[in-house]
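What follows is one structure encoded as structure tokens, with my remarks underneath.
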Amino acid sequence: MTEPSSQAPLPPTLVLDTNTVLALWMFHDPALEALRAWIDAGSCRLVSRADALEELRRVLAYAQFGLDPGRQDGLRARYIDRIAVLADDADAGTLPSCRDPDDQKFLEIAGAAGMATLITRDKALLRLARHRLVRERFAILTPERVQHTLAQPSATPA
Numbered sequence: 138m139t140e141p142s143s144q145a146p147l148p149p150t151l152v153l154d155t156n157t158v159l160a161l162w163m164f165h166d167p168a169l170e171a172l173r174a175w176i177d178a179g180s181c182r183l184v185s186r187a188d189a190l191e192e193l194r195r196v197l198a199y200a201q202f203g204l205d206p207g208r209q210d211g212l213r214a215r216y217i218d219r220i221a222v223l224a225d226d227a228d229a230g231t232l233p234s235c236r237d238p239d240d241q242k243f244l245e246i247a248g249a250a251g252m253a254t255l256i257t258r259d260k261a262l263l264r265l266a267r268h269r270l271v272r273e274r275f276a277i278l279t280p281e282r283v284q285h286t287l288a289q290p291s292a293t294p295a
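In terms of the working numbering, the sequence shown opens at residue 138 and continues consecutively.
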């Protein structure tokens with residue numbers, strides 16, 4: 138007879154692309170309130186990498202957002218407080234190439250994180266969800282799809 142495991146299951150691992158980070162914590166997209174609350178409650182593990190954080194820094198500085206440097210730094214710091222930063226050379230394994238080279242890093246982060254879910258609205262990344270090298274290792278879902286999953290009783294996203 139085997140003893141039941143006393144370890145709690147690990148929380149799901151999520152990778153958020155830059156636009157998802159903005160939708161959640163800069164724009165406070167009301168359609169994603171349940172997802173934001175679920176993440177803020179610590180119900181998952183967020184992972185990223187230095188190059189993705191640098192992209193976030195650059196995007197927050199775009200003039201069209203009108204964010205002063207203090208607000209930019211605050212948003213970025215609050216996001217960094219929520220994540221585990223993977224090493225730049227963490228092994229992502231063999232992955233397909235994304236049509237947009239700037240988005241390749243998000244595939245690599247999800248690949249290196251293991252059984253993760255990449256959350257994005259980017260069409261090029263979403264198309265790769267069906268690729269054999271992706272679907273065998275991690276999921277790529279829209280934030281709306283994850284939000285819908287959270288609305289189901291006793292559901293946990295991918």
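All C-beta atoms, glycine included, are put in the ideal place defined by N, C-alpha and C.
Model, not experiment: these values are computed from the prediction.
Next on the checklist: Three or more C-beta pairs under 8 Å: does that hold for the segment 197 to 214 against the segment 240 to 258?
Outcome noted: Contact fails: fewer than three Cβ-Cβ distances are below 8 Å.
Item to check | DSSP three-state assignment for Arg258, whether helix, strand or coil | outcome: Your numbering for residue 258 matches position 121 in the sequence shown. In this structure, DSSP gives Arg258 a state outside helix and strand, which the three-state scheme calls coil.
Checklist entry - DSSP three-state call for Leu204: helix, strand or coil? => result On the sequence shown, position 67 is the one that residue 204 refers to. For Leu204, the three-state secondary structure derived from DSSP is coil.
Next on the checklist: Below 8 Å, how does it come out for the segment 249 to 261 and the segment 145 to 161: are there three or more Cβ pairs, yes or no?
Outcome noted: In short, these stretches touch, since the Cβ pair count reaches three.
Item to check | Start and end residues, alpha helix (DSSP H) containing Thr155 | outcome: On the sequence shown, residue 155 is found 18 positions in, with the first residue counted as 1. Here the alpha helix (DSSP H) through Thr155 covers 155 to 158.
Checklist entry - Would the beta-carbon of Asp240 fall within 8 Å of that of Leu262? => result To locate residue 240, count along the sequence shown from 1; it is residue 103. To locate residue 262, count along the sequence shown from 1; it is residue 125. Yes, they are a contact pair.
Next on the checklist: Pull the bridge partners of Ile220 from the DSSP assignment, please.
Outcome noted: Taking the first residue of the sequence shown as position 1, residue 220 is located at position 83. According to DSSP, which records beta bridges pairwise, Ile220 is partnered with Leu183.
Next on the checklist: Going by beta-carbon coordinates alone, are Leu172 and Pro238 separated by less than 8 Å?
Outcome noted: The residue labelled residue 172 in the question sits at position 35 within the sequence shown. The residue labelled residue 238 in the question sits at position 101 within the sequence shown. Between Leu172 and Pro238, the C-beta gap is not smaller than 8 Å, which leaves the two residues out of contact.
Checklist entry - When the Cα atoms are used, what is the spatial distance from Gly251 to Arg269? => result Against the sequence shown, residue 251 aligns to sequence position 114. Against the sequence shown, residue 269 aligns to sequence position 132. Rounded to whole angstroms, Gly251 to Arg269 spans 15 Å at the Cα level.
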